[in-house]
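Following the numbering used here from start to finish, the sequence shown increments by one per residue and tops out at 334.
A quick write-up on the structure given underneath.
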Amino acid sequence: MNGLIHASLYSGMLLSLGAYLLGVWLKKKTGLALLNPLLVAIVLVILFLSVFHVSYEEYNRGAAYLSYFLTPATVCLAIPLYRQLAYLKRFTFAIAASILAGVLGSAGSIFVMAKLFGLSHDYYVTLLPKSITTAIGMGISEEAGGIVTITVVSIIITGILGNIIADWLFKICKIEEPMAKGLALGTAAHAIGTARALELGELEGAMSSLAIAVAGLLTVAVVPLVSGLI
105 MNGLIHASLY SGMLLSLGAY LLGVWLKKKT GLALLNPLLV AIVLVILFLS VFHVSYEEYN
165 RGAAYLSYFL TPATVCLAIP LYRQLAYLKR FTFAIAASIL AGVLGSAGSI FVMAKLFGLS
225 HDYYVTLLPK SITTAIGMGI SEEAGGIVTI TVVSIIITGI LGNIIADWLF KICKIEEPMA
285 KGLALGTAAH AIGTARALEL GELEGAMSSL AIAVAGLLTV AVVPLVSGLI
């Protein structure tokens, strides 16, 4: 099997896409939020590589091509935002305040948990960017002296968890306003949360897309201010 992966340049990419599509099918078939397509794909790919003893390097030769689609996919998030531009102008202050509250709440929760569990400075700054996109989070973590690989894992886990429990939280907290749902998903669960927001509606998707960008910029400003607290 390792030879098969090595023989085809695109095997890693096809494996990733196949695992993700299977996750999408399972999610639609069962309706279970726990069967998040990205989570299913991660588990299936890890199992495949482990069972057939395929090295990560061989797998990533093809899978790395998927990263080239990140930029155009991110740009596409501007489409629903443009369509809801009038709504954005109308509630500019409320939107900005909501995102800022989310960013400060995220940093505050990491500070409290770090104190409770006695985390060192390195692990504290590593987890601070957990709620923003991977590209920005990696840069912030590296600049602050964190462990970038752990930052990436924490970002992925945060996104998947937010995607899975969002509907449950909205129901428990009786949140029905589309703008609030979108801002919450984008601020707390970045792009993975935005995927769920787009499923909920165009307004939710637009607000979530905006929250990703603004939360990233605010986090860049906030982390240096709070990184020295531990």
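For glycine and all other residues, C-beta sits at the position ideal for the given N, C-alpha and C.
Taking the C-alpha atoms as reference points, what is the distance between residue i and residue j?
i: residue 152; j: residue 334; result: 40 Å
i: residue 267; j: residue 273; result: 11 Å
i: residue 285; j: residue 210; result: 17 Å
i: residue 111; j: residue 150; result: Confidence at residue 111 is low in this model, with a pLDDT of 49, below 50, so the placement of that residue should be treated as unreliable; the coordinate-derived value is given next. Approximately 20 Å between the Cα atoms of the pair.
i: residue 287; j: residue 318; result: 10 Å
i: residue 172; j: residue 117; result: 12 Å
i: residue 278; j: residue 155; result: 44 Å
i: residue 215; j: residue 174; result: 31 Å
i: residue 232; j: residue 251; result: 11 Å
i: residue 322; j: residue 142; result: 27 Å
i: residue 182; j: residue 290; result: 13 Å
i: residue 239; j: residue 245; result: 10 Å
i: residue 119; j: residue 144; result: 12 Å
i: residue 261; j: residue 139; result: 14 Å
i: residue 136; j: residue 270; result: 13 Å
i: residue 254; j: residue 276; result: 31 Å
i: residue 298; j: residue 158; result: 32 Å
i: residue 217; j: residue 203; result: 21 Å
Would you grab the beta carbon distance between residue i and residue j for me? Rounded to a whole angstrom, and I think it's under 8 Å.
i: residue 263; j: residue 296; result: 3 Å
i: residue 206; j: residue 292; result: 6 Å
i: residue 148; j: residue 123; result: 4 Å
i: residue 294; j: residue 230; result: Contact doesn't hold; Cβ gap of about 16 Å is too wide.
i: residue 115; j: residue 248; result: The pair is not a contact, with the Cβ atoms about 37 Å apart (cut-off 8 Å).
i: residue 259; j: residue 241; result: 5 Å
i: residue 326; j: residue 208; result: 7 Å
i: residue 306; j: residue 187; result: 6 Å
The segment 308-316 in contact with the segment 187-195 per 3-pair CB rule at 8 Å: yes
Segments assigned alpha helix (DSSP H), at least 4 residues, entirely inside the segment 155-243: 160-167, 174-180, 182-187, 189-194, 196-221 and 225-231
Given 8 Å, three or more beta-carbon pairs between the segment 221-238 and the segment 195-202: no
Complete runs of the alpha helix (DSSP H) confined to the segment 250-318 [at least 4 residues]: 252-276 and 282-304
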